[in-house]
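Data first, discussion second: the structure below is written as C-alpha cells.
2 protein chains.
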Amino acid sequence: MSSTHTTLHLPQPDWLADWLMQPPPEPEDRARMAEVVAIARANVERGCGGPFAAAVYRLDGIERISAAVNTTILSHCSAAHAELQALGLAQQRLGRHTLEPLPCVLISSSAPCTMCLGAIAWSGVRRFVFATDRSDVEAIGFDEGPPTPDWRDELARRGIETEGPLLRADGLAVLQRYVECGGPIYNGRSTRLQG
Amino acid sequence: MSSTHTTLHLPQPDWLADWLMQPPPEPEDRARMAEVVAIARANVERGCGGPFAAAVYRLDGIERISAAVNTTILSHCSAAHAELQALGLAQQRLGRHTLEPLPCVLISSSAPCTMCLGAIAWSGVRRFVFATDRSDVEAIGFDEGPPTPDWRDELARRGIETEGPLLRADGLAVLQRYVECGGPIYNGRSTRLQG
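Going down the list, the sequences are from chains A and B.
Take the first sequence: its letters are residues -2 to 192, numbered as in my numbering.
Take the second sequence: its letters are residues -2 to 192, numbered as in my numbering.
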C-alpha cells in the first residue's frame, strides 16, 4: 500500500463508453428511462456491479450529458453508485461543481439511497426521475441508509422536481435478474454481505 | 466536451500528499482530531476548497489509512466532500469496497451532511468522530441536505459508534476563518452561492 495514494479514480466500464456512442433517446422521461433501465440491465448481464444505472440529460435539448452504472465492487469504493457518478461526470464535463447553469434531469433506475439523495441536493440538477422505489431495493437486501422522511418534499424545497415510479415493472425485472444471477448484496457490514 | 468522458477523477491537492509523509498522530481520538482540524485549516489557508477534512485511521494500530480535504470547487464535483473521499481512498488502498475487514475510525472536522452520512453507512467503518455539528456548518450558509432524524442512533443500529463534538471550538475556528477569507458557499443552487 502506497502511503501517498491521494487520488480517487472511478472509471466506468468500457462497454458503457461504446453505448454512449449511440444517439441519445427522444427528450422525454419515458424514452430516457427506457435507456437507463437498459443500461442497468446490461450492467447486471455483464457482471460489472449492482443493478443500477443513471444518466444526466439536458432539459432544454436532446443531449445526454453523462451516464454511469454502479461500480461499487469493481472500483473498490462503496460510494461508486450510479447517481453520484453520473452527477459528478456531468459536472466535470461542464467544468464546474454545479449543474445549475445547464438545466438538467437526472434519470435513475431506482429511487436514491440516503447518500445519493444528499448528492442530488448538492448537484444543481433541476429534475429527478426514478423507476423502482427505495422499498424495492431494500426488498432484495440492500440497506439504503438512515431514513429521510418526505424526501420528495425536501427536494422540492430545493427547487428539484421529482417524478416516479416510472417504468417500475421494467426496473423491478432488473433487480430480480440481479438476484437470479447471484449478485452480491454489498452492504457495509460483511455480516450482511449475503442478501 | 468529449462524448466519452467516463472516468470520475478526484485528486487531492499536492500539499496533502506532503503532509501525509509525516508520521501519524497518537492513536486516540483527540490527537487524531487535532490532525484533521489542522488539515481542514490548511485547506482554507491554501484556498483549495471547503473548510472540511477527514481521515481514516486503524482502530487497532497507529496507522493513518487515508486523508482528504473537500475539493468540490477544484474537482468540479459537488460530491467531492472530505468524508466521502477519505472513505473511498481507504477502500481503494485496501483493495475492496468495504472497510469491514480492517477495523477503522473515520475522523471528520464536521458532522456529516446527508450525502456523507449515507456514505458512512455504506463504508464498513466501525467508528465515526466529528468536531463541529451540522448546525455549525449550516450557520455559515451550507445546506446540509434533507434532515435525517436520529442519525447517531441510525449509525449505532448499523454497528457504527459515534463520538462528538470533540474539539468543537477548534473546528468552529476553521469555519469562521473560511468566512473571513470569503470562501464560497457552494450549495447546488446558484441563487444560494452567496452564503
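By construction, the Cβ of each residue, glycine as well, lies at the ideal position given by its N, Cα and C atoms.
Quantities reported herein were computed from a predicted structural model and do not represent experimental measurements.
field: 7 Å CB neighbourhood of Leu278 of chain B in its chain, flanking five on each side removed
entry: The requested residue 278 of chain B is not part of the displayed model; chain B covers only -2 to 192.
- request: Please list, in chain order, all residues of the same chain as Arg186 of chain B whose beta carbon is under 7 Å from its beta carbon, the five residues on each side excluded.
  value: The residue labelled residue 186 of chain B in the question sits at position 189 within the second sequence. So no residue of the chain qualifies.
- prompt: Leaving out the 5 sequence neighbours to the left and right, which residues in its chain are closer than 7 Å to Glu97 of chain A when beta-carbon positions are compared?
  reply: Translated into positions along the first sequence, residue 97 of chain A becomes position 100. Gly121.
message: I need the boundaries of the beta strand (DSSP E) containing Ile104 of chain A, first residue and last residue.
response: Walking along the first sequence from the start, residue 104 of chain A turns up at place 107. Segment Cys101 to Ser107, the beta strand (DSSP E) holding Ile104 of chain A.
- request: Taking Cys101 of chain A as the query, report the chain B residues whose CB atoms sit under 7 Å from its CB, ordered along the chain.
  value: On the first sequence, position 104 is the one that residue 101 of chain A refers to. Those do not exist, as Cys101 of chain A stays about 11 Å from chain B at its closest Cβ, beyond 7 Å.
field: Cβ separation of Arg174 of chain A and Val41 of chain A, assumed to be a contact under 8 Å, to the nearest whole Å
entry: What you label residue 174 of chain A is simply residue 177 of the first sequence in a count that begins at 1. What you label residue 41 of chain A is simply residue 44 of the first sequence in a count that begins at 1. Cβ-Cβ separation between Arg174 of chain A and Val41 of chain A: approximately 5 Å, consistent with a contact (criterion under 8 Å).
- prompt: What does Phe105 of chain A reach in chain B if we use C-beta pairs closer than 9 Å?
  reply: As a working mapping, residue 105 of chain A is identified with position 108 in the first sequence. Sequence check: residue 105 of chain A is Ser here, not Phe. Near Ser105 of chain A there are no residues of chain B at all, since even the closest Cβ is about 15 Å away, more than 9 Å.
message: Rounded to whole angstroms, what is the Cα-Cα separation between Arg189 of chain B and Leu164 of chain A?
response: On the second sequence, residue 189 of chain B is found 192 positions in, with the first residue counted as 1. On the first sequence, residue 164 of chain A is found 167 positions in, with the first residue counted as 1. Residue confidence is low: Arg189 of chain B scores 44 on pLDDT, short of 50, so the model does not pin down where it sits. Its coordinate-derived value is still stated next. Computed Cα separation, rounded: 34 Å.
- prompt: Measuring CA to CA, which of B:Arg155, B:Thr4 and B:Arg61 is closest to Gln19 of chain B?
  reply: The residue given as residue 19 of chain B occupies position 22 in the second sequence. For the set B:Arg155, B:Thr4 and B:Arg61, the Cα lying nearest the Cα of Gln19 of chain B is the one of B:Arg61.
field: Integer Cβ distance of Thr69 of chain A from Tyr183 of chain A, believed to fall under 8 Å
entry: Locating residue 69 of chain A in the first sequence gives position 72, where the first residue counts as 1. Locating residue 183 of chain A in the first sequence gives position 186, where the first residue counts as 1. The beta-carbon separation of Thr69 of chain A and Tyr183 of chain A, rounded to 5 Å, stays under the 8 Å limit for a contact.
- request: Quick one: grab the DSSP three-state call for Tyr175 of chain A.
  value: As a position in the first sequence, residue 175 of chain A is number 178, starting the count at 1. Looking at Tyr175 of chain A - three-state DSSP - the assignment turns out to be helix.
- prompt: Would you call the CB atoms of Ala31 of chain B and Ala50 of chain B closer than 8 Å?
  reply: In the second sequence, the residue the question calls residue 31 of chain B occupies position 34. In the second sequence, the residue the question calls residue 50 of chain B occupies position 53. The answer is no: Cβ separation not under 8 Å.
- prompt: Around the Cβ of Glu141 of chain A, are there at least 16 other Cβ atoms within 10 angstroms (buried) or fewer (exposed)?
  reply: Residue mapping note: residue 141 of chain A aligns to position 144 of the first sequence, counting from 1. Here Glu141 of chain A is buried. Its C-beta has 16 or more other C-beta atoms within 10 Å.
field: Per DSSP, the bridge partner or partners of Ala65 of chain A
entry: Locating residue 65 of chain A in the first sequence gives position 68, counting from the first residue. Paired residue(s): A:Ala51.
- request: Give the residues of chain B in contact with Ser75 of chain A, contact being defined as C-beta atoms less than 8 Å apart.
  value: By 1-based counting over the first sequence, the position of residue 75 of chain A is 78. In chain order, Leu84, Gly85, Gln88, His94, Thr95, Ala116, Trp119, Ser120 and Gly121 make up the part of chain B whose C-beta sits under 8 Å from the C-beta of Ser75 of chain A.
field: Inter-residue spacing [alpha-carbon to alpha-carbon] between Asp15 of chain A and Ala52 of chain A
entry: Here residue 15 of chain A corresponds to residue number 18 of the first sequence, with the count starting at 1. Here residue 52 of chain A corresponds to residue number 55 of the first sequence, with the count starting at 1. For Asp15 of chain A and Ala52 of chain A, the distance between alpha carbons rounds to 15 Å.
- request: In angstroms with no decimal places, state the Cα-to-Cα distance between Gly180 of chain B and Gly92 of chain B.
  value: Numbered from 1 along the second sequence, position 183 holds the residue referred to as residue 180 of chain B. Numbered from 1 along the second sequence, position 95 holds the residue referred to as residue 92 of chain B. If you draw a straight line from the Cα of Gly180 of chain B to the Cα of Gly92 of chain B, it is about 35 Å long.
task: Using the Cα positions of Ala128 of chain B and Ala108 of chain B, report the straight-line distance between them to the nearest angstrom.
output: Position 131 of the second sequence holds residue 128 of chain B. Position 111 of the second sequence holds residue 108 of chain B. Cα atoms of Ala128 of chain B and Ala108 of chain B: separation of roughly 7 Å, rounded to the nearest angstrom.
- request: Find the nearest neighbour of Val134 of chain A within the set A:Ser105, A:Leu169 and A:Gly44, judged by alpha-carbon distance.
  value: What you label residue 134 of chain A is simply residue 137 of the first sequence in a count that begins at 1. Minimum Cα distance to Val134 of chain A is reached at A:Leu169.
query: What three-state label does DSSP hand Arg93 of chain A in the structure shown?
result: As a working note, residue 93 of chain A is residue 96 in the first sequence. It is coil, neither helix nor strand.
query: Which of helix, strand or coil does DSSP assign to Arg27 of chain B?
result: Here residue 27 of chain B is taken as the residue at index 30 of the second sequence, counted from 1. DSSP places Arg27 of chain B within a helical segment (H, G or I) once states are collapsed to three.
message: Taking only three categories from DSSP, how would you classify Ala39 of chain A?
response: The sequence position of residue 39 of chain A within the first sequence is 42, counting from 1. Correct three-state label for Ala39 of chain A: helix.
task: Measure the Cβ-Cβ separation of Ser72 of chain A and Leu84 of chain B and say whether it is below 8 Å.
output: Taking the first sequence and counting its residues from 1, the one referred to as residue 72 of chain A is at position 75. Taking the second sequence and counting its residues from 1, the one referred to as residue 84 of chain B is at position 87. Contact check for Ser72 of chain A against Leu84 of chain B fails: the beta carbons are separated by 8 Å or more.
Glu158 of chain A, DSSP secondary structure in three states: The count along the first sequence starts at 1 and reaches residue 158 of chain A at position 161. Reduced to three states, the DSSP call for Glu158 of chain A is strand.
- prompt: At what residues does the alpha helix (DSSP H) containing Ala136 of chain A begin and finish?
  reply: By 1-based counting over the first sequence, the position of residue 136 of chain A is 139. Per DSSP, the continuous alpha helix (DSSP H) segment holding Ala136 of chain A begins and ends at Arg131 to Ala136.
- prompt: Which of helix, strand or coil does DSSP assign to Val126 of chain A?
  reply: Looking up residue 126 of chain A in the first sequence gives position 129. Of the three classes helix, strand and coil, the one that applies to Val126 of chain A here is strand, per DSSP.
query: To the nearest angstrom, how far is it from the Cα of Glu80 of chain B to the Cα of Trp148 of chain B?
result: Here residue 80 of chain B is taken as the residue at index 83 of the second sequence, counted from 1. Here residue 148 of chain B is taken as the residue at index 151 of the second sequence, counted from 1. The alpha-carbon atoms of Glu80 of chain B and Trp148 of chain B are separated by roughly 16 Å.
field: Assigned exposure category for Ala151 of chain B - 16 Cβ within 10 Å defines buried
entry: In the second sequence, counting from the first residue as 1, residue 151 of chain B sits at position 154. Here residue 151 of chain B turns out to be Glu, not Ala, going by the sequence shown. By the neighbour-count criterion, in which a residue is buried when 16 or more other Cβ atoms sit within 10 angstroms of its Cβ, Glu151 of chain B is buried.
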